[in-house]
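Numbering (UniProt numbering), first residue to last: 1 to 303.
Built from N, CA and C at the ideal position, the CB exists for glycine as well.
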């Protein structure tokens, strides 16, 4: 390979075609005409001795070589851009920045309200947007800066991602809010109907195993994927529910559930804040991460 035949503009084109899945869309994004875009892509194909992209049902699909080199090229181009950009200072009082978070449905219920309250009080011009990102696609979401940060029970991620341990999550049992203390005292998990909320693969296997280890698998009368309807179910059906502890405590504080003095052993998972290395030195992202840690991180985990 002759590196002298490759310039930064060609590498930027490679990244943009990869992200858009279209040669014409990439050209428009870079301000190039269709002939100039095709010519540049041809030069890059010749230099790398690879087709780079092939037509597929969803547009231009990357070859194996492109899929392998794009993450590294993207990282180094962003690093070069950061190195050539003068450092800036983030002023929350005047900033109009839009921060994007990647939270699950449960994450929205646990994190979004206190985060929005704190951010808007400190930075009145800032906006927040929560993006939808499947957990197996989180690496790409953060790499391409579709989200500045992700929070939750997250699987192991790529080597270019950073993480901070916020707190440990457990599993708790909740009951209808109408139960008296006498009724709560007589509850027996193994003789009760249970609701199990299993929203995603982030902890689905774990909670199923916890339930099985406690001999409760046959007590699960309702499995569901979302948490939003749970308060209504608790108020209308004679049942208990097993849910993550943060959510259980939030419902109890809102008088939507009774938190039972039962903690399921082994059910403790790390709740993480994850971001891409390309935002390590971004003053705005540093500020956001500090706000998140101040709000949610267990004091015992702070360095």
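Close-in-space but distant-in-sequence residues of the same chain around residue i (CB under 6 Å, 5 per side omitted)
| i | result |
| --- | --- |
| residue 20 | 26 |
| residue 90 | 283, 284 and 287 |
| residue 234 | 176 and 257 |
| residue 92 | 122 and 123 |
Integer Cβ distance of residue i from residue j, believed to fall under 8 Å
| i | j | result |
| --- | --- | --- |
| residue 142 | residue 274 | 7 Å |
| residue 70 | residue 61 | Going by Cβ atoms, the distance from residue 70 to residue 61 rounds to 12 Å, so no, they are not a contact pair. |
| residue 230 | residue 212 | Not really, about 22 Å apart at Cβ, beyond 8 Å. |
| residue 167 | residue 301 | 7 Å |
| residue 179 | residue 236 | Not quite, the Cβ-Cβ distance comes to about 14 Å (not below 8 Å), so this is no contact. |
| residue 44 | residue 10 | 5 Å |
| residue 268 | residue 239 | About 24 Å; that fails the 8 Å criterion. |
| residue 52 | residue 63 | 6 Å |
| residue 151 | residue 107 | 6 Å |
Per-residue burial, residue i [other beta carbons within 10 Å of its own, 16 or more giving buried]
| i | result |
| --- | --- |
| residue 133 | buried |
| residue 183 | exposed |
| residue 164 | buried |
| residue 98 | exposed |
| residue 139 | buried |
| residue 278 | buried |
| residue 57 | exposed |
| residue 130 | buried |
| residue 18 | buried |
| residue 8 | exposed |
| residue 74 | buried |
| residue 276 | buried |
| residue 185 | exposed |
| residue 81 | exposed |
| residue 215 | exposed |
| residue 65 | exposed |
| residue 281 | exposed |
| residue 254 | exposed |
Alpha helix (DSSP H) segment containing residue i, residue limits
| i | result |
| --- | --- |
| residue 247 | 245-253 |
| residue 23 | 23-30 |
| residue 19 | 8-20 |
| residue 313 | The chain is shown only over 1 to 303; residue 313 falls outside these bounds and no answer can be derived. |
| residue 119 | 113-122 |
Residue span of the beta strand (DSSP E) that contains residue i, given as start and end
| i | result |
| --- | --- |
| residue 222 | 220-224 |
| residue 194 | 194-197 |
| residue 274 | 269-276 |
| residue 175 | 171-175 |
| residue 128 | 127-131 |
Beta-carbon proximity list for residue i, same chain, < 7 Å, skipping 5 on both sides
| i | result |
| --- | --- |
| residue 59 | 21 and 22 |
| residue 30 | 12, 13 and 16 |
| residue 288 | 99, 148 and 149 |
| residue 67 | none |
| residue 263 | 170 and 172 |
| residue 190 | 215, 216 and 219 |
| residue 110 | 246, 247 and 250 |
Same chain, Cβ closer than 8 Å to residue i, five either side skipped, listed in chain order
| i | result |
| --- | --- |
| residue 291 | 115, 118, 119 and 122 |
| residue 232 | none |
| residue 79 | 278 |
| residue 24 | 34 and 37 |
Any non-hydrogen atom of the ligand ADP within 7 Å of residue i CB
| i | result |
| --- | --- |
| residue 235 | The ligand ADP is absent from the structure shown, which contains no ligands of any kind. |
Query raised in the report: Per the contact definition of three or more C-beta pairs closer than 8 Å, is the segment 247-258 in contact with the segment 165-183?
Result: Segment contact: the segment 165-183 against the segment 247-258, three or more CB-CB distances shorter than 8 Å; contact assigned.
Query - At least three beta-carbon pairs within less than 8 Å, the segment 48-56 to the segment 31-40 - result: Below 8 Å, too few C-beta pairs join the segment 48-56 and the segment 31-40 to call them touching: fewer than three.
Query raised in the report: Contact between the segment 210-225 and the segment 182-198: three or more CB pairs below 8 Å?
Result: Three or more pairs of CB atoms, one per stretch, sit closer than 8 Å, so the segment 210-225 contacts the segment 182-198.
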